[in-house]
Amino acid sequence: AASFTAAKFLAPAAARSGGDRAPFPAPSAFSMRSLRHRPARRLSSVLAVSSDVLKAAPAAAAYPAVTREEALELYEDMILGRNFEDMCAQMYYRGKMFGFVHLYNGQEAVSTGFIKQLNQPDCVVSTYRDHVHALSKGVPARAVMAELFGKATGCCRGQGGSMHMFSEPHNLLGGFAFIGEGIPVATGAAFAAKYRHEVLKQSSPDGLDVTLAFFGDDPEIWKKGPAFGMPGVHVDGMDVLKVREVAKEAIDRARRGEGPTLVECETYRFRGHSLADPDELRRPDEKSHYAARDPITSLKKYIIEQNLASEAELKNIEKKIDDVVEEAVEFADASPLPPRSQLLENVFADPKGFGIGPDGKYRCEDPKFTQGTAQV
Amino acid sequence: LPASELTKYCLTFLGHEVLMFEALREAMIEEMTLDPTVCMIGEDVGDYGGSYKVSKGLSEMFGDLRVLDTPIAENSFTGMGIGAAMKGLRPVVEGMNMGFLLLAYNQISNNCGMLPYTSGGQFKIPIVIRGPGGVGRQLGAEHSQRLESYFQSIPGIQMVACSTPYNAKGLLKAAIRSDNPVVLFEHVLLYNLKEKIPDEEYICCLEEAEMVRPGSQLTILTYSRMRYHVMQAVKTLVNKGYDPEVIDIRSLKPFDLHTIGNSIKKTHRVLIVEECMRTGGIGASLRSAIIDNFWDELDARPVCLSSQDVPTPYAATLEDATVVQPAQIVAAVEEICQS
Numbered sequence: 001a002a003s004f005t006a007a008k009f010l011a012p013a014a015a016r017s018g019g020d021r022a023p024f025p026a027p028s029a030f031s032m033r034s035l036r037h038r039p040a041r042r043l044s045s046v047l048a049v050s051s052d053v054l055k056a057a058p059a060a061a062a063y064p065a066v067t068r069e070e071a072l073e074l075y076e077d078m079i080l081g082r083n084f085e086d087m088c089a090q091m092y093y094r095g096k097m098f099g100f101v102h103l104y105n106g107q108e109a110v111s112t113g114f115i116k117q118l119n120q121p122d123c124v125v126s127t128y129r130d131h132v133h134a135l136s137k138g139v140p141a142r143a144v145m146a147e148l149f150g151k152a153t154g155c156c157r158g159q160g161g162s163m164h165m166f167s168e169p170h171n172l173l174g175g176f177a178f179i180g181e182g183i184p185v186a187t188g189a190a191f192a193a194k195y196r197h198e199v200l201k202q203s204s205p206d207g208l209d210v211t212l213a214f215f216g217d218d219p220e221i222w223k224k225g226p227a228f229g230m231p232g233v234h235v236d237g238m239d240v241l242k243v244r245e246v247a248k249e250a251i252d253r254a255r256r257g258e259g260p261t262l263v264e265c266e267t268y269r270f271r272g273h274s275l276a277d278p279d280e281l282r283r284p285d286e287k288s289h290y291a292a293r294d295p296i297t298s299l300k301k302y303i304i305e306q307n308l309a310s311e312a313e314l315k316n317i318e319k320k321i322d323d324v325v326e327e328a329v330e331f332a333d334a335s336p337l338p339p340r341s342q343l344l345e346n347v348f349a350d351p352k353g354f355g356i357g358p359d360g361k362y363r364c365e366d367p368k369f370t371q372g373t374a375q376v
Numbered sequence: 001l002p003a004s005e006l007t008k009y010c011l012t013f014l015g016h017e018v019l020m021f022e023a024l025r026e027a028m029i030e031e032m033t034l035d036p037t038v039c040m041i042g043e044d045v046g047d048y049g050g051s052y053k054v055s056k057g058l059s060e061m062f063g064d065l066r067v068l069d070t071p072i073a074e075n076s077f078t079g080m081g082i083g084a085a086m087k088g089l090r091p092v093v094e095g096m097n098m099g100f101l102l103l104a105y106n107q108i109s110n111n112c113g114m115l116p117y118t119s120g121g122q123f124k125i126p127i128v129i130r131g132p133g134g135v136g137r138q139l140g141a142e143h144s145q146r147l148e149s150y151f152q153s154i155p156g157i158q159m160v161a162c163s164t165p166y167n168a169k170g171l172l173k174a175a176i177r178s179d180n181p182v183v184l185f186e187h188v189l190l191y192n193l194k195e196k197i198p199d200e201e202y203i204c205c206l207e208e209a210e211m212v213r214p215g216s217q218l219t220i221l222t223y224s225r226m227r228y229h230v231m232q233a234v235k236t237l238v239n240k241g242y243d244p245e246v247i248d249i250r251s252l253k254p255f256d257l258h259t260i261g262n263s264i265k266k267t268h269r270v271l272i273v274e275e276c277m278r279t280g281g282i283g284a285s286l287r288s289a290i291i292d293n294f295w296d297e298l299d300a301r302p303v304c305l306s307s308q309d310v311p312t313p314y315a316a317t318l319e320d321a322t323v324v325q326p327a328q329i330v331a332a333v334e335e336i337c338q339s
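Protein chains in written order, with full-length UniProt numbering: chain A, 1 to 376; chain B, 1 to 339.
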């Protein structure tokens with residue numbers, strides 16, 4: 001029963017590293033630069049590691065203790081993600097939500113396992129499948145639902161929609177429609193954290209602010225980490241406790257300034273790609289294999305078996321979340337649609353960008369401009 | 001002080017002479033000194049000092065994190081600049097050649113231009129994207145591009161083009177201070193232009209056009225390198241008795257309709273001279289805006305001289321034929337004024 005420790009990321013003993021070949025350190029342009037002005041960073045052998053070693057161990061023994069509070073927090077967050085997405089499907093088919101909506105059912109362990117370990121200043125960069133990332137990061141369910149309904153009270157004033165969830169107070173940096181679009185943005189947020197620490201000398205006792213970038217799959221992408229100078233880790237993404245353990249180590253590494261980690265969470269979405277996808281192309285046996293490993297069911301079982309809480313307490317959490325999601329729908333329903341006058345707002349942070357009109361005044365000074373009726 | 005030293009001392013108050021790339025460099029140094037969140041990101045901007053020496057010596061002054069050398073990955077480092085801007089920094093991203101930024105088009109269009117809007121105003125992107133573009137001397141098609149027309153439809157960005165050391169420094173400083181994403185187009189052939197610029201600090205307005213030569217007979221609107229082809233043509237035209245008004249529009253998006261409009265109300269004739277391609281260029285948009293706003297003021301059809309719709313050829317004769325030459329400008333002015 002091996003417990004998963006930090007050493008596994010870097011230990012040469014990992015079976016999955018690809019045989020006898022000694023992995024060479026791959027200095028990035030970044031580390032070359034830093035070698036010039038700072039004491040040489042230890043270019044450790046980075047490896048790709050699989051958490052298969054955990055699969056072999058009996059479930060109960062492999063995890064370090066998770067407290068009752070932590071377990072209930074994880075459970076509540078996953079239930080929120082699941083119920084919210086189920087409600088989205090309902091609302092979509094009732095004509096309250098439009099366009100392309102991509103649901104996260106089945107993947108909750110990844111969002112909960114990672115994001116619940118972040119602090120407020122840490123950033124999350126998501127994909128188009130971003131509702132649950134927003135919820136895990138703390139964006140209120142009502143703000144996300146109102147955004148999905150296209151209302152002015154949505155977290156992005158109704159201007160973003162399903163694929164563009166942003167929240168500055170929660171450091172959710174989007175919501176991106178194109179695949180891979182957010183990864184450079186996440187790199188920038190991480191760069192800014194390092195910059196604040198080293199150039200602006202704004203240190204925090206917690207260490208560097210961490211940026212978490214989510215992106216979609218590639219077979220065995222965990223093996224590609226070392227080629228880019230970072231550890232690659234594979235973890236069972238249907239098990240929130242395993243994800244949490246790997247996440248904790250990766251996040252701590254980043255906080256200590258030891259750089260990025262590539263974590264492949266092998267997970268599965270229960271629904272189609274989007275609500276427009278009839279999901280006819282996937283094999284039924286594949287779907288049932290993963291349905292049997294529903295992360296919420298697994299955690300519930302673990303909590304009950306470890307006597308961390310009773311069935312009744314878990315039911316209470318489920319009821320509480322039901323109320324939260326219902327309230328979110330009521331709020332979104334009752335909220336107003338954005339008025340015409342909102343059309344040109346937020347195009348520019350500085351509306352002088354709309355330029356100078358023939359009369360010599362900036363267009364944004366035109367009173368009709370704010371009503372959305374000025375000629376632009 | 002000896003007399004010669006005293007003279008030199010007095011002359012410094014009248015300004016100092018710089019080449020265009022030095023003017024840009026001065027702007028970078030001043031802004032990076034004033035504001036520690038201003039940083040530079042690009043290929044070879046650090047150690048090498050920039051492929052056109054705009055950041056020469058800057059990484060020694062400010063450190064290699066503030067003047068960051070990147071791998072050859074335009075999409076990635078432009079997106080990185082955007083993420084950093086969202087989190088409070090003010091990056092200046094250099095495209096080694098603006099043409100390479102085609103690889104970053106997704107980031108510039110979707111993220112730079114759109115994020116302030118799709119986030120409902122929660123994030124601003126105070127980024128500057130700059131670099132050399134335009135037709136050089138036999139650089140070949142891919143290194144001779146004019147991306148201003150490709151970017152002009154992107155909502156949420158501003159575009160400016162500099163043409164003199166004075167406005168290069170002033171526009172770069174203004175662009176850095178702006179909270180909007182600004183694309184600053186420099187021209188490969190203008191980096192060695194020499195001009196005396198003020199010692200005191202100054203900024204150019206991002207949204208304003210620049211009066212180059214007041215006149216009464218017709219309005220010539222131009223920008224970047226074509227300004228010099230226009231002024232060469234103007235010498236000939238003045239000898240022939242014409243009196244053109246020349247305006248360097250500088251702000252490619254948005255257009256300064258006030259300066260442009262006042263000129264058209266005076267002259268009633270317009271010629272646009274640009275290096276963009278004919279199809280969908282800045283000139284095409286400008287002509288459209290003039291017709292929309294100043295139709296009643298026009299005595300003649302607004303004429304637009306643009307580059308040919310061809311990939312810039314390598315051969316010198318063909319390359320010359322691709323861009324607008326002074327002789328064509330003279331001929332166009334004569335035709336407009338006689339119509």
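For every residue, glycine included, the Cβ atom is placed at its ideal position computed from N, Cα and C.
Remember, predicted model here, so these are calculated numbers, not experimental data.
Which residues does DSSP list as the beta-bridge partners of residue i?
i	result
residue 14 of chain B	Beta-bridge pairing links residue 14 of chain B to no other residue.
residue 185 of chain B	B/131, B/161
residue 222 of chain B	B/248, B/273
residue 236 of chain A	A/266
residue 42 of chain B	B/69, B/94
residue 124 of chain A	A/172, A/212
residue 253 of chain B	B/159
residue 362 of chain A	A/356
residue 167 of chain A	A/172
Report the rounded CA-to-CA distance for residue i versus residue j, giving the unit in angstroms.
i	j	result
residue 97 of chain A	residue 148 of chain A	6 Å
residue 201 of chain A	residue 124 of chain A	23 Å
residue 48 of chain B	residue 342 of chain A	47 Å
residue 241 of chain A	residue 303 of chain A	11 Å
residue 38 of chain A	residue 59 of chain B	Caution applies to residue 38 of chain A, whose pLDDT of 38 falls short of 50 and renders its modelled position unreliable; the value that the coordinates give is listed next. Spanning the two alpha carbons is a distance of roughly 14 Å.
residue 23 of chain A	residue 232 of chain A	Note that residue 23 of chain A has pLDDT 36, beneath the 50 cutoff, so the model's placement of it is unreliable and no number is given.
residue 228 of chain A	residue 110 of chain A	23 Å
residue 161 of chain B	residue 368 of chain A	30 Å
residue 263 of chain A	residue 182 of chain A	16 Å
residue 157 of chain A	residue 114 of chain A	27 Å
residue 341 of chain B	residue 206 of chain B	Residue 341 of chain B falls outside the range modelled here, since chain B spans only 1 to 339, and no answer is possible.
residue 36 of chain A	residue 211 of chain A	Low per-residue confidence applies at residue 36 of chain A: pLDDT is 39, beneath 50, and the placement is therefore not dependable, though the value from the model is reported in the following sentence. Roughly 26 Å between the two C-alpha positions.
residue 53 of chain A	residue 124 of chain B	Residue placement at residue 53 of chain A cannot be trusted, given a pLDDT of 42 that sits under 50; the coordinates are not used to answer.
What are the boundary residues of the alpha helix (DSSP H) that includes residue i?
i	result
residue 263 of chain B	257-267
residue 213 of chain B	Residue 213 of chain B -> not in any alpha helix (DSSP H); beta strand (DSSP E) instead, spanning 210-213.
residue 72 of chain A	68-93
residue 29 of chain B	20-34
residue 320 of chain B	316-322
residue 116 of chain B	115-118
residue 145 of chain A	141-148
residue 196 of chain B	That residue, residue 196 of chain B, is in no alpha helix (DSSP H); its beta strand (DSSP E) goes 194-197.
residue 136 of chain A	131-137
residue 289 of chain A	284-291
Are the CB atoms of residue i and residue j nearer to each other than 8 Å?
i	j	result
residue 98 of chain B	residue 68 of chain B	no
residue 37 of chain B	residue 88 of chain B	yes
residue 159 of chain B	residue 183 of chain B	yes
residue 356 of chain A	residue 257 of chain B	yes
residue 163 of chain A	residue 100 of chain A	yes
residue 130 of chain B	residue 188 of chain B	no
residue 377 of chain A	residue 254 of chain B	The first residue shown for chain A is 1 and the last is 376, placing residue 377 of chain A beyond what the model contains.
residue 242 of chain B	residue 333 of chain B	yes
residue 190 of chain B	residue 216 of chain B	no
Quick check on the DSSP output: the beta strand (DSSP E) that includes residue i runs from which residue to which?
i	result
residue 211 of chain A	211-213
residue 305 of chain B	303-307
residue 321 of chain A	Where residue 321 of chain A is concerned, there is no enclosing beta strand (DSSP E), although the alpha helix (DSSP H) it sits in stretches over 311-334.
Which residues in chain C have a C-beta closer than 9 Å to the C-beta of residue i? List them in chain order.
i	result
residue 159 of chain A	Structure shown: chain C not included; protein chains present are A and B.
State yes or no: is the C-beta of residue i nearer than 7 Å to some heavy atom of the ligand SAM?
i	result
residue 309 of chain B	As for the ligand SAM, it is missing from this structure, which has no ligand bound.
**Asked** For the segment 326-348 of chain A, which residues have a CB atom closer than 7 Å to at least one CB atom of chain B, in sequence order?
**Response** 345, 346, 347, 348
**Request:** Anything in the segment 58-82 of chain B with a Cβ closer than 8 Å to a Cβ of chain A? List those residues in chain order, please.
**Result:** Across the segment 58-82 of chain B, CB contacts with chain A closer than 8 Å involve 63, 64, 65, 66, 68, 69, 70, 71, 75, 76, 77, 78, 79, 80, 81, 82, in sequence order along the chain.
**Request:** Taking a Cβ distance cut-off of 8 Å, strictly less, list which residues of the segment 25-36 of chain B are near chain A, in chain order.
**Result:** 36
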